[in-house]
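Chemist: Chains as they are written, first to last, in the working numbering: chain A, 193 to 628; chain B, 193 to 628.
For every residue, glycine included, the Cβ atom is placed at its ideal position computed from N, Cα and C.
Note that the structure is predicted; figures quoted are calculated from it, not measured.
2 protein chains.
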Amino acid sequence: MQKIRIGIAGLGTVGGEAVRLLRDAAPDFERRLGARLELVAVCDRRAPEKARALGLPKGIRLYRDPAKLAADPDLDVVVETLGGLEEARRFTLASLERGRHVVTANKRLLAHHWRELFAVSRAARRRLYFEGSVAGGIPILAALHRSLAANRIRRVLGILNGTTNFILTRMSSGALTLEAALEEAQEKGLAEKDPTLDLNGTDAAHKVAVLASLATGRWVRPEAVAREGITRVAPEDMGFAARELERTIRLIGCVDMDWSARPARVACHVYPTLVPNDHPLASVHGEYNAVLVEASAAGDLMFYGKGAGAGPAASAVVGDLFLLASEMLSGPPRDAGMVWRKDGETRLVPVDETTSSFYLRLAVKDRPGALARITGALAAKRISISRIHQETPSGKAPVPVSLTTHPARQRDFLAATAAIRRLADVAPGHAWLRML
Amino acid sequence: MQKIRIGIAGLGTVGGEAVRLLRDAAPDFERRLGARLELVAVCDRRAPEKARALGLPKGIRLYRDPAKLAADPDLDVVVETLGGLEEARRFTLASLERGRHVVTANKRLLAHHWRELFAVSRAARRRLYFEGSVAGGIPILAALHRSLAANRIRRVLGILNGTTNFILTRMSSGALTLEAALEEAQEKGLAEKDPTLDLNGTDAAHKVAVLASLATGRWVRPEAVAREGITRVAPEDMGFAARELERTIRLIGCVDMDWSARPARVACHVYPTLVPNDHPLASVHGEYNAVLVEASAAGDLMFYGKGAGAGPAASAVVGDLFLLASEMLSGPPRDAGMVWRKDGETRLVPVDETTSSFYLRLAVKDRPGALARITGALAAKRISISRIHQETPSGKAPVPVSLTTHPARQRDFLAATAAIRRLADVAPGHAWLRML
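What follows is the structure in structure tokens.
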């Protein structure tokens, strides 16, 4: 029976779980593929201990240095579950150059080095699969890359970070502060000790960069993804949205494509966003992820599942191994299997040029004509107001005024907001949010 | 440039839309595959008119008889969008035998002739793809067959029929009767003139049979899928569920697998089901479909989208063409590409042996001890009650009593219900529902 020889670099939670899944699935894969997927080498700083803990059989070659695994001459496919950036990059490039196909779930690696990785993959005629890099066990990349091949992708909207979604859900359902919700997430193992990259939207932005690169066929650098995290999400805005707007706040990653423009315009961003309660993304609670795809022929599709954790990521990694194996068994690769969809040239547009409805909260002093001056500043930018809500004044303290706009350019909205904040009527302390 | 020659049998709404999508996607496919997918022949009873209406170029061969298209010597892949059963079967078998790969979206064909179709496909070493047969544009079969290959599938729960989901949604949100909701569906083109196969659950049962066959690796005949439609769903049960149980009624198709038993037990059924309001399937409204997959490693995943209509079905058909083309270009098929997942032997169990919580509504006469005798009949079958609700008696008319049970075998529950209905305390007119 034909053998496909696999090496795994990094036996952390995901790599270790991939070892277990591969072992459990082996009999089924053998029957389906008529070939054996065999783990023959692993690499980890603590390789001997890890191998014992995982019950790996004796014959498996153990390395401590990823470069050694990349140089192993008897491998067909390697899995990169090292994590980090530079070591993962070196290992992946060296493996492709040595003629190995590579599977990874490392979104940072892909977001930062997309062009280089796929240039080497093409030159070496070896494939680089990465289903686990976005939304864990949800097969969103297979859908965008293969199943929806006949569609133009108009928009991808995603809840791509489970930590922040858990925090927002608890702030809303449990009326917790952000700090208390974060603490709960950490207790449940849903947030890291240093949650900065989750809270400030960097992790979601990496995933948006991967989705955008896949959907447009060009490398969208992570720096090109406008981002804001959830740290300025205030309980009062969440409460107001629930009471008055029938909306909830979610951290939404967005790839928005306008194919009617030439070249097509692509905007990529991550923002805390007011989502209508009856929108499918509003019912994504806790640590779950979801991706909504607006496709030209198939219509709106949503994919929902666990975005993090060893099981979902390893499911994606071993799914990629299965796919690679079935392709390898069909014959030598005639291409890198990775010619991206590319419905024409695209131009990245800054988020300032995008259009959205907006929510704005201000602290307004009780002075005659204050509201007229505020709405006037919006009108000066030709932004029309959808609704406005002023709390009853009590004493001399500034009163919260919340308003929502009809669709407007973000640049115009932010300019109007800056003008409003300069008014003598307005006290410090304001907040704004995009709306779906 | 290499050419892949395609024939389409049946230029109805799906076939016609597939022609258009294929034409629109052609430049992108050419760039991605390095080969041209070329429509070279079509077949339709009104082929010349249809060809004109679709603006097909002159050179395309037109047939009126599917057998002629199947016999056309210059084809690589054919699409079966004839509909119906016997003609579609003959065309598909003849095409496979002539060495064509086949794409179809015909769930009836697959459900009824699975074994024969794939026996011929294997013998001919030609592939039969069918993503469009279940849940329209949602790539659920790709997920089960490929992306989730590393998982054991524990359960598949689906809202698989858009017509009935639209009707149930309108009955609940608009407080319409079933008849009024059906009329509205027909006006919107969401129900056929003769909606019998939708209303009585047959269409959903065909899709469950396809999902079950794919998930178990054995042919699950449509007759093996226990089914009940929505015609006995009463507004009063819907209202009670909303008020008292925080649940809504959905027509749920289910494939339930118990891998801890040897052989593994598989139960397949379609029932109107009480779904908790916070369950992801409860927020699937209108004509949308959704499939929830409980996978061993990836956890719970949900796929949501439009289950019907020319666009979604054609998106799936042309997606299958893309996939087939990329596989064909890798080399001659060494297998039929269709060796099913098969995590071991399975045994189909009748729905009577399945376990669920149940809802029961009775009309009870106001007699001392009536409730004791009713609950006693349940206790005699060792079924424990979760809650019970009796309306205030007014006059001598029987009073509605609604109760829910803890998990019980369906056989026991139905036996207890039969015993209860024989009690002198109980007037005619009862209803029961499974609960998620």
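When Cβ atoms are compared, which residues of the segment 325-350 of chain B fall closer than 7 Å to chain A?
Modeler: Going along the segment 325-350 of chain B in chain order, one finds Gly329, Ile330, Pro331, Ala334, Ala335, Arg338, Ser339, Leu340, Ala341, Ala342 and Asn343 with a Cβ nearer than 7 Å to chain A.
Chemist: Check the DSSP bridge columns for Met520 (chain B) and list the partner residues they point to.
Modeler: In the DSSP output, where bridge partners are listed per residue, Met520 (chain B) has none listed.
Chemist: Mark Pro542 (chain B) as exposed unless 16 or more other C-beta atoms lie within 10 angstroms of its C-beta, in which case mark it buried.
Modeler: The residue in question, Pro542 (chain B), is exposed, as its Cβ has fewer than 16 Cβ neighbours within 10 Å.
Chemist: Shortest alpha-carbon distance to Phe221 (chain A) belongs to which of B:Ala396, B:Arg344 and B:Arg282?
Modeler: Phe221 (chain A) has its Cα closest to that of B:Arg344, out of B:Ala396, B:Arg344 and B:Arg282.
Chemist: Show which residues of chain C have a CB atom less than 8 Å away from the CB atom of Ala487 (chain B).
Modeler: Here the protein chains are A and B, and chain C is not one of them.
Chemist: Would you kindly report the start and end of the unbroken alpha helix (DSSP H) that includes Ala233 (chain B)?
Modeler: Careful: Ala233 (chain B) lies outside any alpha helix (DSSP H), inside the beta strand (DSSP E) at Ala227 to Cys235.
Chemist: Taking 8 Å as the CB-CB cut-off, is Asp264 (chain B) touching chain A?
Modeler: No, no contact with chain A.
Chemist: Quick one: is Ser452 (chain B) buried, meaning 16 or more other Cβ sit within 10 Å of its Cβ, or exposed?
Modeler: By the neighbour-count rule (16 or more Cβ atoms within 10 Å), Ser452 (chain B) is not buried but exposed.
Chemist: How many angstroms separate the CA atom of Val206 (chain B) from the CA atom of Ser507 (chain A)?
Modeler: When rounded, the distance between both Cα atoms is 34 Å.
Chemist: From this set, A:Ile566, A:Ala245 and A:Arg338, which residue's C-alpha is nearest Ala487 (chain A)'s C-alpha?
Modeler: Residue A:Arg338 is the option with its Cα nearest to Ala487 (chain A).
Chemist: Let me make sure I understand the geometry here. Which of B:Asn392, B:Glu379, B:Thr296 and B:Pro592 has the alpha-carbon closest to that of Thr423 (chain B)?
Modeler: Measuring from the Cα of Thr423 (chain B), the nearest candidate turns out to be B:Asn392.
Chemist: Does the count of Cβ pairs from the segment 311-331 of chain A and the segment 507-517 of chain A closer than 8 Å reach three?
Modeler: Contact holds: three or more Cβ-Cβ distances are below 8 Å.
Chemist: I think Leu552 (chain B) touches Leu595 (chain B), with their Cβ atoms under 8 Å apart; what is that distance to the nearest whole Å?
Modeler: Leu552 (chain B) to Leu595 (chain B), Cβ: 5 Å. Contact.
Chemist: How about Leu231 (chain B) and Ile196 (chain B): do their beta carbons lie closer than 8 Å?
Modeler: No, these two residues do not count as a Cβ contact at 8 Å.
Chemist: Apart from the five residues on each side of it in sequence, which residues of its chain come closer than 7 Å, Cβ to Cβ, to Pro387 (chain A)?
Modeler: Correct list, in chain order: Thr355 and Leu374.
Chemist: Secondary structure at Ala500 (chain B), three-state DSSP: helix, strand or coil?
Modeler: It is coil, neither helix nor strand.
Chemist: Is the distance from the Cβ of Ile575 (chain A) to the Cβ of Asp544 (chain A) below 8 Å?
Modeler: Cβ atoms of Ile575 (chain A) and Asp544 (chain A): not closer than 8 Å.
Chemist: Consider the Cβ of Lys498 (chain A): report whether some Cβ of chain B lies at a distance smaller than 8 Å.
Modeler: It does: the Cβ of Lys498 (chain A) has a partner Cβ on chain B nearer than 8 Å.
Chemist: Which residues does DSSP list as the beta-bridge partners of Met627 (chain B)?
Modeler: Note: Met627 (chain B) sits in a beta bridge opposite B:Leu466 and B:Ser549.
Chemist: Are there 16 or more other CB atoms within 10 angstroms of the CB of His461 (chain A), so buried, or fewer, so exposed?
Modeler: Result: buried.
Chemist: Met363 (chain B) touches chain A at which residues, Cβ-Cβ below 7 Å?
Modeler: Here the premise fails: no neighbours, minimum Cβ distance about 18 Å.
Chemist: For the beta strand (DSSP E) containing His337 (chain A), list its first residue and its last residue.
Modeler: No beta strand (DSSP E) holds His337 (chain A); DSSP gives it neither H nor E.
Chemist: Our contact map puts Arg253 (chain A) next to Arg237 (chain A) with C-beta atoms below 8 Å; I'd like the distance itself, whole angstroms only.
Modeler: Contact flag wrong, Cβ pair sits at about 16 Å.
Chemist: Below 8 Å between beta carbons: does that hold for Val294 (chain A) and Leu301 (chain A)?
Modeler: No, these two residues do not count as a Cβ contact at 8 Å.
Chemist: Could one say the Cβ of Pro468 (chain A) lies closer than 8 Å to chain B's Cβ atoms, at least one of them?
Modeler: Answer no: the Cβ-Cβ gap between Pro468 (chain A) and chain B never drops below 8 Å.
Chemist: By how many angstroms is the C-alpha of Leu333 (chain B) removed from the C-alpha of Thr567 (chain B)?
Modeler: Thr567 (chain B) and Leu333 (chain B): Cα-Cα distance of roughly 44 Å.
Chemist: Is Asp617 (chain A) buried or exposed, if buried means 16 or more other CB atoms sit within 10 Å of its CB?
Modeler: Counting Cβ neighbours within 10 Å, Asp617 (chain A) comes out buried, since at least 16 surround it.
Chemist: Between the beta-carbon of Pro472 (chain B) and the beta-carbon of Glu438 (chain B), is there less than 8 Å?
Modeler: No. Outside cutoff.
Chemist: For chain A, find out if any of its Cβ atoms is closer than 8 Å to the Cβ of Met494 (chain B); answer yes or no.
Modeler: So yes, Met494 (chain B) belongs to the interface.
Chemist: Quick one: which chain A residues come within Cβ less than 8 Å of Glu323 (chain B)?
Modeler: In chain order: Ser339.
Chemist: From which residue to which residue does the beta strand (DSSP E) around Ser594 (chain B) run?
Modeler: Start and end: Val591 to Thr597.
Chemist: Which whole-angstrom value is the C-beta distance of Pro427 (chain B) and Met363 (chain B), which I expect to be below 8 Å?
Modeler: Confirmed, about 6 Å.
Chemist: For Leu352 (chain A), decide whether its Cβ has a neighbour in chain B, counting only Cβ atoms nearer than 8 Å.
Modeler: No, Leu352 (chain A) does not count as interfacial toward chain B.
Chemist: Give, in chain order, every residue of the segment 399-422 of chain A whose Cβ lies closer than 8 Å to some Cβ of chain B.
Modeler: Under the 8 Å Cβ criterion, the segment 399-422 of chain A contributes no residue.
Chemist: Just the C-alpha distance for Ala610 (chain B) and Thr597 (chain B), rounded to the nearest angstrom, thanks.
Modeler: Looking at the two C-alpha atoms, the distance is approximately 15 Å.
Chemist: Who are the neighbours of Glu519 (chain B) on chain A, taking C-beta pairs under 7 Å?
Modeler: Here the neighbours are Ser522.
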